[in-house]
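Residue numbers (our numbering): 78 to 776.
A virtual CB, placed ideally from N, CA and C, is assigned to each residue, including glycine.
These numbers come from a predicted model, not from an experiment.
All remarks here apply to the structure that follows.
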Amino acid sequence: MEIEKSQSPNKSTVQQQILVEKNKNGNLGLFNKLQKERKNLPIFKHRQGLLDKIKSNQISVIAGETGCGKTTQIPQYLIEEGLNKNRMIAVTQPRRVAAITIAQRVAQEMNTTVGNKVGYSVRFEEAVDKNNTKLLYMTDGMLLRETIVDPNLSRFSIIVIDEAHERTINSDLLISLLKQLSERRKDLKIIIMSATIETEKFANFFETENIIYLEGRCHPIEVFYSKKPHADYLDAALNTILQIHFEEQDGDILCFLVGQEDIEDMQQMLEEKIELFPKEAKKLNICTLYAALPSHLQLLAFEKSQEGERKVVLSTNIAETSVTIDGIKYVVDPGLVKTRKYNPNKLIEMLLVVPVSKSSAMQRAGRAGRQSAGKCFRLYTKYTHDTLAEFMLPEILRSNLSTVILQMKAIGIKDVKGFQFIDRPHEDQFIESIENLQQMNALDANENITLHGKEMAELPLEPIYAHFMLVAFATNPNSISVVLSAISLMQVENLFFIPKGAKISLLDVLLRFQLGNSDQLTKVNMLHQYYLAKNKKSFCKENFINQKNIKKALEVRQQLENYFLDILKKRSKKNQKQNQANIQQQSEEQQIQEELAKGNTLKKLQEEHKTAIQQEINTEEFISCIAKGLSVKAAKLNNDGTYTIIRSNIQAYIHPESLLFYSKPKPDYIIFNEVVSTIKTYLRDITEISFSDFKEISK
DNA sequence: GAGCACTGC
């Protein structure tokens, strides 16, 4: 798999060299200062001990809280000692932003620029120099994809899995694969880094006793519990915020709430209270923070408080790990979180509000002590705290396994059920997903991966969408442009943002772009109009579009298009090879000619296969493709206006955000994109299909 | 006439 560089300005090496030199001279002061800082980190005292242990063991588990410097320092120590032995060190992170910013920081400390000795590799973006990069920070997903192409991960001599305690599917899988790989590659060193409380688990998994504990450097945090449980957690949070504001010293407040709705309610309640503040009272500014909020509004939460004013940030879980707000001194933690859970028997995802784990509670409290001593107010009793689970349920135990299994099969793991997971998913999860992959013909009756399955695995999509894309192309090659757009849009949430109190509804906006009886086509129409719009910013503003997310949809589309054309190239190469089996090998000159032509092939392929965004959208072609490609997501209207999902026989409602929520009469047959259970079971993103299409797929 | 947390390829 060759990853396209999406934004390499392709500077000549000379230019790069000049840049480095400039950086060196200009920042010598900075460099010296950073070197001093590095030596003052608590981890520096342990440098030699750490290195000795890592040298004498193939596998090391390192325990240390955030802020002890393990992520930035240990990789540098390894390089200073030459332990990388002329190959690269990979350090994985669960999040893109972390991989990029840490790489930048470490590059500074090593007196170089990112993309030279230190690089990063994340989706859509990489800064790596094949000949120079020694230390590569990457998302765990990127390293996982690399294992499909090179199961031995041969360009690395040391692999560091950071934040392993977060137990993402990707890091869990990587750790299992690394255990297998450690048998084949005795020269590979593996380092697992995790928060303190989870280290035993990893050490047991690797059957090692080589655990290294590092002390953190966090300011003290005083934790308070409620005396008795609260009936209404929003009310309790409101009172606590006001109490802090009037009784505690300067410092901003961070309050964790479960979702957008609660955040908006709380905002309103607080505003009403602030109205009643006495004139001489200190000013309290309210900021909100959640993923669906457009970035320019998110940024307000990060602005520094004015002297004599206080800020309260009402945030979802996004502030627990994904972002850090400076200046927080007080944390209000109701102890709840909204999580997604997959039910393999019902084949639906559910959103549940559940109590946090002890480790989450600790992480939240830690948000109060980043700059100085802080306080955390837990809105539950000490007794309740003691009954909390130690950790959140690992992601792999609450997810659909289709992606995981297809990936494992593509890597070459035949016996997925016998695979050694850190925590083994439930049998039902395996059965359901394997069946699902077989229905898509990604696996054959013997559970072996098919050619179709291999092509699906190359696409960075859930198997169902990869299947849809390939089936759509096989059914009607002309539809591929629209299908690419539709799939890309289905990968992105929160395309629209309609501020509270706006005089327009989401339906009004959707109607501006309506195409057929289809949310997907309506959004495709919107995407294509955005693509053609001269002033994209005002286009978004006029149509309440979240520009960050529509940009992402276009990025995804570009990447999918590239991968798709790669698949077509591979197919034609295969055909050629078969045809040429008896003909003598190509001459060297021919090969050179081909290489030269490669630059043009992509464009030619693009034109040939009509993958580029087109102005004309053929509604009928798309509908028959979606009916075929997403046939597992078909549903039929009942007399009472509800729908029955064909595959699972579950009853569901059309989601109120759908264009078809209001349509009368309701369509008899539909394809939906997603089913989610909140108060009711809802179908989201819906396309009406015809009876004949429906009959075709329910055969 | 209801309302989805977060992340990744």
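- Among the bridge pairs identified by DSSP, GLU765 is matched with ILE747.
- In the three-state scheme derived from DSSP, where H, G and I count as helix and E and B as strand, ASP770 is classed as helix.
- Per DSSP, the unbroken alpha helix (DSSP H) holding ARG115 starts and ends at 105-117.
- Annotation note: the segment 359-384 contains the following uninterrupted beta strand (DSSP E) runs of length 3 or greater, listed N- to C-terminal: 360-366.
- Cβ-Cβ separation between LEU514 and ILE482: approximately 6 Å, consistent with a contact (criterion under 8 Å).
- With 16 or more other CB atoms across the displayed protein chains lying within 10 angstroms of its CB, VAL493 is buried.
- DSSP places ARG387 within a strand segment (E or B) once states are collapsed to three.
- Less than 9 Å divides the Cβ of GLU240 from the Cβ of GLN170.
- Here LYS710 is buried, its C-beta having at least 16 other C-beta atoms within 10 Å.
- Sequence-distant partners of PHE573 (beyond 5 residues in either direction) whose C-beta falls short of 7 Å from its own C-beta, in its chain, are LEU583, VAL586, PHE621, ILE622, ASN623.
- Cβ neighbours of MET219 within its own chain (closer than 6 Å, five residues either side excluded): SER198.
- Spatial neighbours of ILE511 in its own chain (CB-CB distance under 7 Å, excluding positions within 5 residues in sequence) are listed in chain order as ILE482, LEU520, GLU524.
- Cα atoms of VAL753 and PRO733: separation of roughly 13 Å, rounded to the nearest angstrom.
- Three or more Cβ pairs drawn from the segment 470-478 and the segment 234-250 lie within less than 8 Å of each other, which places the two stretches in contact.
- Distance between LEU118 and GLY404, taken at the CA atoms: about 21 Å.
- Separation of the CB atoms of VAL335 and VAL430 is rounded to 5 Å, and the pair is thereby assigned contact status at 8 Å.
- If the five residues before and after LEU465 are omitted, its C-beta is found closer than 8 Å to the C-beta atoms of GLY412, PRO432, VAL433, SER434, LYS435, ALA438, all from its own chain and listed in chain order.
- Residue ALA712 holds the alpha-carbon nearest to the alpha-carbon of ILE766 among ASP717, ALA712, ARG724.
- When C-beta atoms of the segment 142-155 are compared with those of the segment 268-281, three or more pairs fall below 8 Å, so the two segments count as touching.
- Taken through DSSP and simplified to helix, strand or coil, LEU291 comes out as coil.
- Rounded to whole angstroms, THR461 and GLU292 show a C-alpha spacing of 28 Å.
- Looking at the DSSP output, ILE139 shares a beta bridge with MET270, ILE289.
- Annotation: the continuous alpha helix (DSSP H) that includes GLU535 extends over 528-535.
- The C-alpha of SER708 is placed about 11 Å away from the C-alpha of TYR746.
- With a contact defined as Cβ atoms closer than 8 Å, LEU592 and ASN602 qualify at about 4 Å.
- Scanning its chain for C-beta atoms nearer than 7 Å, with the 5 sequence neighbours on each side dropped, one finds around LEU128 the residues TYR154, GLU158, in chain order.
- A check of alpha carbon separations from PHE749 across MET469, ASP770, SER595 identifies SER595 as the nearest.
- Closest in alpha carbon position to MET517, among GLN497, GLU341, GLU539, is GLU539.
- By the neighbour-count criterion, in which a residue is buried when 16 or more other Cβ atoms sit within 10 angstroms of its Cβ, ASP410 is buried.
- In this structure the segment 342-353 touches the segment 307-314; the number of beta carbon pairs closer than 8 Å is three or more.
- Exclusion of the five residues before and after ILE267 leaves GLN135, ILE136, ILE236, LEU255, SER259 as the residues of its chain whose Cβ lies within less than 7 Å of its Cβ.
- Beta bridge pairing from DSSP links THR416 with LEU429.
- In this structure, ILE395 sits away from LEU331, with a CB-CB distance that is not shorter than 9 Å.
- Per DSSP, reduced to three states, the secondary structure at GLY336 is coil, with no helix or strand assignment.
- C-alpha of ASP327 to C-alpha of THR317: approximately 15 Å in a straight line.
- The distance from the Cβ of GLU698 to that of SER558 is about 10 Å, inconsistent with a contact at the 8 Å cut-off.
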